[in-house]
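*Asks:* Just so you know, we're using the working numbering here: the sequence shown kicks off at 4 and counts up by one.
We treat Cβ as the ideally placed atom computed from N, Cα and C, and that holds for glycine.
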Amino acid sequence: MSAFIEVDNLTFDYIKQDGTSLQAVSGISFRVERGSFTAIIGQNGSGKSTLAKNINALLVPTSGRVLVDGLDTADPASLWEVRRRVAMVFQNPDNQIVSSIVEDDIAFGPENLGVDPAEIRQRVRFALQDVEMEEYRKKAPHLLSGGQKQRIAIAGAVAMQPECIVFDEPTAMLDPRGRSEVLKVIERLHDKGITTILITHFMEEAARADHVIVMNDGRLEMDGTPREIFSQHQRLKELSLDVPAPVYLAQLLRERGIDLPQIDTEDELVRCLCQLQ
Ligand code: ADP
Ligand code: MG
Numbered sequence: 004m005s006a007f008i009e010v011d012n013l014t015f016d017y018i019k020q021d022g023t024s025l026q027a028v029s030g031i032s033f034r035v036e037r038g039s040f041t042a043i044i045g046q047n048g049s050g051k052s053t054l055a056k057n058i059n060a061l062l063v064p065t066s067g068r069v070l071v072d073g074l075d076t077a078d079p080a081s082l083w084e085v086r087r088r089v090a091m092v093f094q095n096p097d098n099q100i101v102s103s104i105v106e107d108d109i110a111f112g113p114e115n116l117g118v119d120p121a122e123i124r125q126r127v128r129f130a131l132q133d134v135e136m137e138e139y140r141k142k143a144p145h146l147l148s149g150g151q152k153q154r155i156a157i158a159g160a161v162a163m164q165p166e167c168i169v170f171d172e173p174t175a176m177l178d179p180r181g182r183s184e185v186l187k188v189i190e191r192l193h194d195k196g197i198t199t200i201l202i203t204h205f206m207e208e209a210a211r212a213d214h215v216i217v218m219n220d221g222r223l224e225m226d227g228t229p230r231e232i233f234s235q236h237q238r239l240k241e242l243s244l245d246v247p248a249p250v251y252l253a254q255l256l257r258e259r260g261i262d263l264p265q266i267d268t269e270d271e272l273v274r275c276l277c278q279l280q
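#1: Less than 7 Å between the CB of N95 and some heavy atom of the ligand ADP, yes or no?
#2: Out of curiosity, what's the CA-to-CA distance linking K51 and V169?
#3: Nearest CA to the CA of A143: which residue from G22, I8, E106?
#4: Under the assumption that F7 contacts A212 (Cβ atoms under 8 Å), give the Cβ distance between them as a whole number of angstroms.
#5: Where does R274 land, buried or exposed, given buried means 16+ other C-beta within 10 angstroms?
#6: Out of curiosity, what's the CA-to-CA distance linking E269 and A158?
#7: Taking a contact to mean a Cβ-Cβ separation below 8 Å, would you say P165 touches A90 in this structure?
#8: Would a C-beta distance cut-off of 8 Å place Q94 and A175 closer than the cut-off?
#9: Between the alpha carbons of A60 and S66, how many angstroms are there, rounded?
#10: Here's a check: name, in chain order, each residue in its chain whose Cβ is nearer than 7 Å to the Cβ of I266, leaving out the five neighbours to either side.
#11: What does the alpha-carbon distance come out to for the pair G149 and G181?
#12: Just jot down, in chain order, the residues whose CB lies closer than 6 Å to any heavy atom of the ligand ADP.
#13: Give the DSSP-derived three-state secondary structure of A219 in the structure shown.
#14: Leaving out the 5 sequence neighbours to the left and right, which residues in its chain are closer than 8 Å to G73 when beta-carbon positions are compared?
#15: Just to confirm my understanding: we take A110, look at its own chain, exclude 5 residues before and 5 after, and list those with CB closer than 6 Å. What are they?
#16: Is L244 closer than 8 Å to I44 when the C-beta atoms are compared?
#17: Could you pull the start and end residues of the alpha helix (DSSP H) that M206 belongs to?
#18: Could you tell me the boundaries of the alpha helix (DSSP H) in which I109 lies?
#19: Thinking C-beta only, is I31 closer than 8 Å to R222?
#20: Which residues in the same chain have their Cβ closer than 7 Å to the Cβ of Y17, if we skip the five residues on either side of it in sequence?
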């Protein structure tokens, strides 16, 4: 099966104002299967956002190649086809809201694509259902909470009917409640078949993915399942990254002689501890 996204030896250099260049992404390769859930973790400045922007052709490779559904992002003729397939949701919901009424905001993207008005109304209705914000459709976005605003931004992406959504630290500015609401929406969209790429610095969020990529200083440092990645405590520590709390707790309990299998999630830890009695 061919991958939905193929990143092949991607390097990206920013040209700074003084004319010097800065290599933000250095020779990375990986694949994203259609319908999969990939998490990208790594310290600030490790190149995650630059990588994300190369996936939906906001940036094009300095060298190497990115293919989306077989389309080369560097081919100007493919630009809109790539953007139609891959939507992005950014960290700050305030920067993504363009209208003073929720439903107009969600309609903005499809309007720009020239979608028929009757179809736009339908897409807006479904997108509002997906993010559980139907009753807010006539409200002013600036009056909503951070988590609600982010869900509206996500609905705007959904209304474009992309095959893939890249979420660039969508929960970083939210309180715990907003964070869990947004994560729930992301998981629901993935369950509905959207290829999901989630950049996050919350390890518990990354643990929900089926594939984790670890970036460090522009390079792809680790690539595997959450279990493969999060069992490497020492290596993650060297990269100044944590492991998810339940994985860490299970490790401490094992060191105290409690017989526990590999743990990935809170639910598993609770289940295993209850069975020990
Ligand atoms: P992350 O998302 O992991 O924090 P970024 O992709 O934003 O990392 O940044 C990677 C590197 O590229 C950092 O050193 C950052 O300072 C630099 N960088 C990001 N955006 C620009 C830009 N527009 N111009 C120049 N350098 C940039
Ligand atoms: Mg970033």
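*Replies:* So, to answer that:
#1: No, Cβ of N95 sits at least 7 Å from all heavy atoms of the ligand ADP.
#2: For the pair K51 and V169, the Cα-to-Cα distance works out to about 11 Å.
#3: E106
#4: Actually they do not touch by this definition, with Cβ atoms about 15 Å apart.
#5: R274 counts as exposed, since fewer than 16 other C-beta atoms from the protein chains shown sit within 10 angstroms of its C-beta.
#6: 29 Å
#7: yes
#8: For Q94 and A175, yes; Cβs fall inside 8 Å.
#9: 14 Å
#10: Excluding sequence neighbours, I266 sits near P249, V250, A253, L272, C275.
#11: 7 Å
#12: Y17, K19, L25, A27, G45, N47, G48, S49, G50, K51, S52, T53
#13: In the sequence as presented, Ala is not what sits at residue 219; that position holds Asn. If DSSP states are grouped into helix, strand and coil, N219 belongs with the strands.
#14: S5
#15: I123, V127
#16: yes
#17: 206 to 209
#18: 105 to 115
#19: A Cβ-Cβ contact shorter than 8 Å links R222 with I31.
#20: S24, L25, A27
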